[in-house]
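Have a look at the structure below before the remarks.
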Ligand SMILES: Cc1cc2nc3c(=O)[nH]c(=O)nc-3n(C[C@H](O)[C@H](O)[C@H](O)COP(=O)(O)OP(=O)(O)OC[C@H]3O[C@@H](n4cnc5c(N)ncnc54)[C@H](O)[C@@H]3O)c2cc1C
Ligand SMILES: Cc1cc2nc3c(=O)[nH]c(=O)nc-3n(C[C@H](O)[C@H](O)[C@H](O)COP(=O)(O)OP(=O)(O)OC[C@H]3O[C@@H](n4cnc5c(N)ncnc54)[C@H](O)[C@@H]3O)c2cc1C
Ligand code: SF4
Ligand code: SF4
Ligand code: FES
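Residue numbers (the working numbering), protein chains in the order written: chain A, 1071 to 1533; chain B, 29 to 305.
As structure tokens, then:
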């Protein structure tokens, strides 16, 4: 059996100080060679049997079929197959945790050499973008109008699908840029903003109108939208940063990962003073947490001039929720991992700037409900680290603004908007999906929630 | 894009703009603010809505030119456009009837209290206003405030008009002499708001201040604007900007406002150099 083709990457030396994309993508020859490794496992439509890989994809992309086209060098047909299910392939091909999804179930993974499905998807999408993206066929105009709140992957997908069905869609976005976390969260070196904007352009060309700088719940309420629109979709994401609630968190030099990444990605602080928004980064940086957000923050800190950048995480490597590929790259770039370590307080100097962080060592106890072993502090194991920047990256909660001001919109205890399996909320005509709803945490899940909601909205407004 | 309809210089380095922003004007209430970004390379900065006119679809902002962004803004003219304006943001206290309300404005903080004074009057309160500034040229909106308030007191640091000293001296005197004050509202520099809080705390008078930490998104996403209120961390953009003065950690606020001093200098220097060539 031939081996999985690894993707070319930017050299390590270049990476440390550059925001250029790290993974470089396959060439056409490489893509064809990789695609030829696919065994074309049977998908039998009539009996509803799907190849293993397809079952692993939240939007059920017809992987064998698109890969077959790639192996034949017919990239145009390949992208059409992908686009049947996925409006944002250049993005998914970069940030999907495919190692846990399609590639995990790929038959070839049993030998540790899963087909590089994500890489191929990325190649095909990039190939198309270079040539100009073709707009999919659209149904006849229905005369129905739908408002979509939030322009992250959930909102963009819902809008694109509804537009294709002939509905008139307006997206309202609070920020000045379109794309949600894709723009303000995930850094340039992992997901170039030009690519996000190309996919946004595609959604616009489907006829979707996008209004930025409108905060629903402030500028207009959901009730106000319902008076005008036939249905409303809420895709406002998980934008509320969580803090540790330990002493010293408001010292100068302590950032939430959201602030750190918004300054860098959305406001382009890495280009200060060409861009006006500043960011302050010390030589010794500690990032708390070990999800994608934490790894991204650490790698950004390194690129902004941090010399000693470490991740502080209370569990062990096995439990780190970030993508394996990105953890590997972070390690290569020189990021230190202080595992089984938990911060207890942040210590400042006389000027109110962070100076040290006090941590306690942890050990793993019994498994919790999620099956992960619980970390417990080891008595009298406190120690301090010298730091001048601390980034808190322990996760985000659902954005509370809309649920706070909308009567009758039911939420969970954690603040997520409650929905049924079709994305319907407790309010008639109001749907929701993505990180604002329970249990979603990835781009592809947000997109598949958007797809489901679009179908349900279509049914609802076509009754 | 938002067009500047009117521009006035109302005091040295203090400008007033009326700007087209129909969506904001329709929903705005006294005490709320907007976040604006002048152009593609610009920073997002918060400014209080000093006035709004739903019919004209416009809002008024009054700002002090203190750094790069406010100076660049001040250089714009009628007919020019501002790329992004978002709002109205923040919660504003309801302007109901309290009885006797003292409204204190310091420097450009006088601008936001003007709308509040009007709202308090409309709600049937007796309103006593105190405005203060470094020197008399900086006393903005004096005529309007005089007309709307039941009483107006003035304080200047250099004694060029009214009481020679601070607004808190006037407040203390009001308390000492006669007044049964039900509520104090203070907007201005942090040192002023802290001083007002100290005075009223001694007398147990409910006091509200409008905090001005560094902000970015203004929608509760970044946490840059966090302030400590009664020992708990709160986001000024969504939980405020108005808070009970007696519960605010002013030291922390002042400290956090200074985070980017060095970078602000760099940005301003670059801007001024650029202007000269
Ligand atoms: C740093 C970082 C790295 C990540 N890395 C990965 C990864 O590698 N792979 C992966 O699959 N997932 C990753 N994720 C998670 C993924 O980005 C999210 O799950 C996904 O973006 C959720 O999509 P969404 O559409 O629900 O919300 P979001 O992308 O959060 O978009 C919500 C949008 O709604 C807007 N909004 C909020 N409130 C309002 C309002 N009141 N009115 C108008 N607009 C509003 C927001 O401004 C925002 O633009 C990462 C997340 C972060 C933060
Ligand atoms: C809710 C709120 C309402 C405000 N209303 C008014 C107003 O009506 N009129 C007015 O003149 N000023 C107002 N301010 C202050 C105004 O936002 C700052 O003066 C402005 O951001 C300065 O930007 P700069 O680039 O010109 O100056 P800089 O040189 O960048 O900064 C000068 C000082 O302003 C503060 N500042 C800098 N950037 C920001 C930012 N992004 N957000 C908040 N503060 C910042 C810092 O403390 C800094 O030291 C308000 C602030 C807040 C939070
Ligand atoms: S969308 Fe994600 S999970 Fe689906 S095929 Fe593409 S990379 Fe795999
Ligand atoms: S499981 Fe793997 S080998 Fe089989 S069709 Fe899917 S990608 Fe190809
Ligand atoms: S300004 Fe970002 S949370 Fe308040």
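Glycine included, each C-beta is placed from N, C-alpha and C at the ideal position.
Predicted model only: the values in this text are computed from it and were never measured.
Inter-residue spacing [alpha-carbon to alpha-carbon] between residue i and residue j
i                       : j                       : result
residue 1511 of chain A : residue 43 of chain B   : 46 Å
residue 1494 of chain A : residue 1529 of chain A : 12 Å
residue 1490 of chain A : residue 1232 of chain A : 19 Å
residue 1516 of chain A : residue 1258 of chain A : 20 Å
residue 1189 of chain A : residue 1096 of chain A : 7 Å
residue 299 of chain B  : residue 96 of chain B   : 7 Å
residue 1183 of chain A : residue 1426 of chain A : 44 Å
residue 1109 of chain A : residue 1167 of chain A : 22 Å
residue 1338 of chain A : residue 1372 of chain A : 16 Å
residue 82 of chain B   : residue 1401 of chain A : 56 Å
residue 1195 of chain A : residue 1395 of chain A : 21 Å
residue 1141 of chain A : residue 1107 of chain A : 9 Å
residue 1176 of chain A : residue 1334 of chain A : 37 Å
residue 1094 of chain A : residue 1080 of chain A : 7 Å
residue 1210 of chain A : residue 1234 of chain A : 9 Å
residue 1340 of chain A : residue 1260 of chain A : 15 Å
residue 1305 of chain A : residue 157 of chain B  : 45 Å
residue 1274 of chain A : residue 1129 of chain A : 22 Å
residue 1508 of chain A : residue 1224 of chain A : 13 Å
residue 1328 of chain A : residue 207 of chain B  : 47 Å
residue 1277 of chain A : residue 1213 of chain A : 13 Å
residue 195 of chain B  : residue 31 of chain B   : 36 Å
residue 310 of chain B  : residue 288 of chain B  : Within the shown structure, residues of chain B are numbered from 29 to 305, placing residue 310 of chain B beyond reach of any answer.
Sequence-distant residues of the same chain with beta carbon closer than 6 Å to residue i, five excluded per side
i                       : result
residue 1524 of chain A : 1228, 1231 and 1232
residue 154 of chain B  : 128 and 178
residue 277 of chain B  : 256
residue 76 of chain B   : 61 and 140
Own chain partners of residue i with C-beta closer than 7 Å, once the 5 adjacent residues on each side are dropped
i                       : result
residue 35 of chain B   : 43, 45, 105 and 106
residue 1307 of chain A : 1220, 1222, 1250, 1251, 1469, 1504, 1505 and 1506
residue 100 of chain B  : 66 and 299
residue 164 of chain B  : 184, 188 and 189
residue 1415 of chain A : 1316, 1317, 1318 and 1428
residue 1422 of chain A : 1321 and 1322
residue 174 of chain B  : 180
residue 1526 of chain A : 1492, 1493, 1494 and 1501
residue 143 of chain B  : 58, 78 and 79
residue 1390 of chain A : 1360, 1383 and 1397
Identity of the residues DSSP links to residue i by a beta bridge
i                       : result
residue 1242 of chain A : A:1219 and A:1281
residue 1325 of chain A : A:1461
residue 159 of chain B  : B:133 and B:182
residue 269 of chain B  : B:119
residue 1378 of chain A : A:1354
residue 261 of chain B  : B:256
residue 109 of chain B  : B:31
residue 191 of chain B  : B:183
residue 1088 of chain A : In DSSP, residue 1088 of chain A forms no bridge with anything.
residue 1443 of chain A : A:1437
residue 128 of chain B  : B:154
residue 235 of chain B  : B:212
residue 1418 of chain A : A:1424
residue 1432 of chain A : A:1447
For residue j and residue i, believed in contact at Cβ under 8 Å, the rounded distance
i                       : j                       : result
residue 1355 of chain A : residue 1461 of chain A : 7 Å
residue 159 of chain B  : residue 133 of chain B  : 5 Å
residue 1471 of chain A : residue 247 of chain B  : 6 Å
residue 91 of chain B   : residue 53 of chain B   : At roughly 18 Å, the Cβ-Cβ gap does not stay under 8 Å, so residue 91 of chain B and residue 53 of chain B are not in contact.
Any chain E beta carbon closer than 8 Å to residue i
i                       : result
residue 1347 of chain A : You won't find chain E in this structure, because its protein chains are A and B.
Residues near residue i in its chain [Cβ-Cβ closer than 8 Å; skip 5 each side]
i                       : result
residue 1477 of chain A : 1293
residue 1287 of chain A : 1471, 1472, 1474, 1475 and 1476
Contact test: residue i Cβ vs ligand 6 heavy atom, cutoff 7 Å
i                       : result
residue 1362 of chain A : Ligand 6 is not part of this structure, which contains only ligand 1, ligand 2, ligand 3, ligand 4 and ligand 5.
Could you tell me which whole alpha helix (DSSP H) segments of length 4 or greater appear in the segment 29 to 103 of chain B? Whole alpha helix (DSSP H) segments, 4+ residues: 50 to 55 and 96 to 102.
Could you tell me which whole beta strand (DSSP E) segments of length 3 or greater appear in the segment 1446 to 1527 of chain A? Entirely contained in the segment 1446 to 1527 of chain A, the beta strand (DSSP E) runs reaching 3 residues are, in chain order, 1453 to 1456, 1459 to 1462 and 1500 to 1502.
Entirely within the segment 1259 to 1314 of chain A and at least 3 residues each: give me those beta strand (DSSP E) ranges in chain order. List check, beta strand (DSSP E) in window: 1279 to 1281 and 1301 to 1304.
Whole alpha helix (DSSP H) elements within the segment 1124 to 1212 of chain A, 4-residue minimum: Complete alpha helix (DSSP H) runs here, min 4: 1133 to 1141, 1145 to 1155, 1159 to 1165, 1172 to 1175 and 1187 to 1201.
List in chain order: all unbroken alpha helix (DSSP H) runs of 4+ residues lying wholly within the segment 274 to 305 of chain B. Fully enclosed alpha helix (DSSP H) runs of 4 or longer: 278 to 285 and 289 to 304.
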